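Here is the structure we will look at, set down as structure tokens.
Printed below as a string of structure tokens:
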């Protein structure tokens with residue numbers, strides 16, 4: 003059926019558009035729902051027309067059966083009057099009406115089946131629209147949540163960059179860098195910081211030893227002066 007092909011085409015094209023334009027899925031899903039609702043109105047119009055045809059066919063069937071019954075009654079009356087020729091003519095009309103009624107009933111049965119299919123199509127499309135609306139609601143909620151999380155992450159990143167802890171960490175890294183550069187220059191100039199530190203320790207120890215020796219000598223001299 004043409005309208006069913008239209009539904010399938012709309013769904014396929016809309017879904018393809020959604021896949022190709024994922025940068026704005028909310029807007030695309032909304033457009034899909036609008037397209038489906040427009041198609042639903044067209045299908046409903048088709049259903050209404052099909053139901054109207056079904057009603058007309060049913061009435062035509064009833065009229066044809068009534069006419070057949072009417073000609074059968076005329077045939078009976080003519081036969082009772084002894085007019086066999088007129089009775090036969092009435093029966094011929096009755097047969098034509100019955101044949102027309104049989105044909106109309108077949109068309110009526112086909113139309114009933116068509117109406118049922120159309121009604122199923124309407125329900126199916128209505129269900130798809132409900133599902134699309136539910137997905138739209140969920141998608142919007144996910145988009146809001148994702149945007150909120152993104153804002154939180156941006157705020158946290160900004161606060162981390164501007165916090166005193168971050169500034170202190172950067173200063174500490176700068177000091178360590180300067181110390182490393184100083185050590186690097188010392189090595190380039192042939193100085194060994196560890197050896198220089200050890201040399202300073204030995205020099206300090208030697209100075210303390212000399213100081214003790216001089217103090218002892220001074221004490222001996224003073225003692226000699228007192229005893230002499």
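Residue numbers (the numbering used here): 3 to 230. Virtual Cβ for every residue (Gly too), placed ideally from N, Cα, C. None of the values given here were measured: they were computed from a predicted structure.
Cβ-based neighbour list, residue i, same chain, cut-off 7 Å, excluding 5 preceding and 5 following
| i | result |
| --- | --- |
| residue 100 | 70 |
| residue 103 | 63, 66, 67, 70 |
| residue 35 | 131, 134, 135, 138 |
| residue 23 | Below a pLDDT of 50, predicted positions are generally treated as unreliable, and residue 23, at 49, falls in that range; the measurement from the model is reported next regardless. Counting only Cβ-Cβ distances below 7 Å, and skipping sequence neighbours, we find 30. |
Buried versus exposed, by CB contacts within 10 Å (16 or more), residue i
| i | result |
| --- | --- |
| residue 177 | exposed |
| residue 78 | exposed |
| residue 145 | exposed |
| residue 96 | buried |
| residue 218 | exposed |
| residue 150 | exposed |
| residue 171 | exposed |
| residue 56 | buried |
| residue 106 | buried |
| residue 148 | exposed |
Close beta carbons around residue i, own chain, < 6 Å, minus the five adjacent residues each side
| i | result |
| --- | --- |
| residue 2 | An answer regarding residue 2 cannot be provided, because it is not within the stretch 3 to 230 covered by the chain. |
| residue 224 | none |
| residue 182 | none |
Contact belief for residue i with residue j at Cβ below 8 Å, rounded distance in angstroms
| i | j | result |
| --- | --- | --- |
| residue 124 | residue 46 | 6 Å |
| residue 59 | residue 110 | 4 Å |
| residue 52 | residue 120 | 5 Å |
| residue 27 | residue 141 | 6 Å |
| residue 76 | residue 92 | 4 Å |
Residues near residue i by beta carbon distance below 8 Å, same chain, minus five either side
| i | result |
| --- | --- |
| residue 42 | 124, 127, 128, 131 |
| residue 212 | none |
| residue 117 | 49, 52, 53, 56 |
| residue 204 | none |
| residue 143 | none |
Closer than 7 Å: residue i CB and nearest the ligand COA heavy atom
| i | result |
| --- | --- |
| residue 175 | Of ligands this structure carries none, so the ligand COA is not represented either. |
Whole alpha helix (DSSP H) elements within the region 38–68, 4-residue minimum: none
In chain order, each beta strand (DSSP E) run of at least 3 residues that lies wholly inside the region 73–109: As summarised for the region 73–109, there are no continuous beta strand (DSSP E) elements at least 3 residues long confined to that stretch.
Runs of alpha helix (DSSP H) wholly within the region 111–137 (minimum 4 residues, chain order): none
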